[in-house]
Every structure is written in C-alpha cells, then in structure tokens.
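In our numbering, the protein residues as written are 3 to 128.
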C-alpha cells in the first residue's frame with residue numbers, strides 16, 4: 003500500500019540541470035493528489051522556473067490550493083566556473099560546490115514555496 007499523504011509532508015528538493023548555454027526552464031505543478039479535475043476547478047498551485055545568467059527564479063503562476071510546501075534543498079548542475087557566493091532571496095546563504103561534477107548545493111533551507119524564490123550565484127574561473 004502507498005499512502006501519499008505522508009510523502010506530501012516531506013520537504014521538496016529542486017534539481018536544475020543547466021544546458022551547455024547555462025539555461026534551464028520548467029513548470030512545477032501541485033494539487034491535493036485526490037480530487038478529480040483540480041486543474042479545471044483551479045484547486046492547484048503552479049510555478050514557473052527559469053535559470054539563466056547565474057540566476058534561478060521560481061515564480062508563482064497560480065496559488066489555488068493551500069498547502070505546506072517547504073523547500074529543503076536546491077541543486078544546480080552544470081555550472082561553469084567555481085561558485086564563490088550564493089544569495090537566496092537577497093540573503094547570503096551557506097552553500098557547497100562540487101567542482102568535479104559542477105554542482106551547487108544549498109541544503110537545510112526550510113523555505114516556504116508560496117510566492118516563489120530567487121537564487122543568484124557568482125562564479126570565478128577555475
């Protein structure tokens with residue numbers, strides 16, 4: 003038996019895979035998981051995500067379903083250059099960077115997704 007209600011209490015993890023040009027985009031959709039036709043009734047949340055120019059932005063497109071959506075971590079893969087700083091919602095944030103695999107990681111965020119977020123990072127040449 004699978005009980006989705008328990009898994010819905012877990013924190014979210016966002017994994018971004020940048021193109022060779024350093025861009026990515028996607029849509030995040032969330033509803034209660036049990037209602038029929040939530041998209042037609044408007045009982046859902048939707049966010050647009052874009053990454054370019056050392057910036058990841060998650061913008062709220064629709065918030066029609068009240069839910070405790072908490073972001074636990076962000077991973078951005080394919081970053082060119084060594085990450086020297088990361089700023090999440092205009093606040094300097096502790097991060098790790100794996101130069102071998104080119105992955106920026108922000109953990110232990112505990113960030114509510116309502117309203118979205120913005121992440122900026124600065125790089126230096128290797």
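Glycine is no exception: its CB is placed at the ideal position from the N, C-alpha and C atoms.
What separation, rounded to the nearest whole angstrom, lies between the Cα atoms of residue i and residue j?
i          : j           : result
residue 44 : residue 114 : 21 Å
residue 66 : residue 47  : 6 Å
residue 84 : residue 22  : 16 Å
According to DSSP, is residue i part of a helix, a strand, or is it coil?
i           : result
residue 67  : coil
residue 99  : strand
residue 20  : coil
residue 57  : strand
residue 34  : coil
residue 109 : coil
residue 12  : coil
I'd like the span of the alpha helix (DSSP H) that includes residue i, first residue to last.
i          : result
residue 41 : 40-43
On a CA-only basis, which of the options is nearest residue i? Give me that one, please.
i           : options            : result
residue 92  : 76, 122, 85 and 28 : 122
residue 96  : 20, 80, 72 and 76  : 76
residue 109 : 34, 57, 99 and 103 : 99
residue 32  : 120, 105 and 72    : 72
Starting from residue i, trace the beta strand (DSSP E) in both directions and tell me its first and last residue.
i           : result
residue 84  : 84-90
residue 122 : 118-126
residue 76  : 72-79
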